[in-house]
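The numbering of the sequence shown is this note's numbering, which starts it at -5 and goes up by one.
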Amino acid sequence: MNDALNNWIKLVSEHGVDQVVNLYAEDGVLLGTFSDEIRQGKDKIREYFQFFLNKKPYATIVDYKKHIVDENNYSVNGFYDFEVDTKDGSRQVSKARFTFVFQKQGSSFKILSHHSSLIP
């Protein structure tokens, strides 16, 4: 089950928009770290990642806790860091917290809900 979270971290760090979007359920919901919009569905989620992955993020999990609901559903809450490009060309680390809700669909787990926000 940790593979789904680790796969998201890996693909975000590789900057592949389509690969990241395909991790989400068709009607998945995203509250992105650097957005003030609730995005539901892959088209809206794609819009966010076209913006965010353009910053060339490198993601690192700091800590997390997992809650297993049943063999088909679980959530993960924790902290991650994003090292991103800034407008002046330098790199900046942004510390954020997250919640993912995963559901097994077919042979893989898809992201039903993902909330991410900067740590105050």
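Beta carbons are placed, not taken as given, at the ideal position from N, Cα and C, and that holds for glycine.
Drop a sphere of 10 angstroms on the beta-carbon of PRO51, count the other beta-carbons inside from all chains shown, and report buried for 16 or more, exposed for fewer.
It counts as buried.
For LYS104: DSSP bridge partner residues:
DSSP lists GLN97 as partners of LYS104.
Considering PHE28, what are the terminal residues of the beta strand (DSSP E) in which it resides?
For PHE28, no beta strand (DSSP E) encloses it, and the DSSP letter there is neither H nor E.
Going by other Cβ atoms of all chains shown within 10 Å of its Cβ, with 16 needed for buried, is PHE45 buried or exposed?
PHE45 should be labelled exposed.
Neighbour-count burial assignment, ARG85, 16 or more Cβ in a 10 Å radius:
Counting other Cβ atoms within 10 Å of its Cβ, ARG85 stays below 16 and is therefore classed as exposed.
Over the uninterrupted beta strand (DSSP E) stretch that includes GLU65, give me the two end residues.
Unbroken run through GLU65: none, as it is neither H nor E.
Between which two residues does the alpha helix (DSSP H) carrying ASP82 extend?
Run containing ASP82: none; DSSP gives neither H nor E here.
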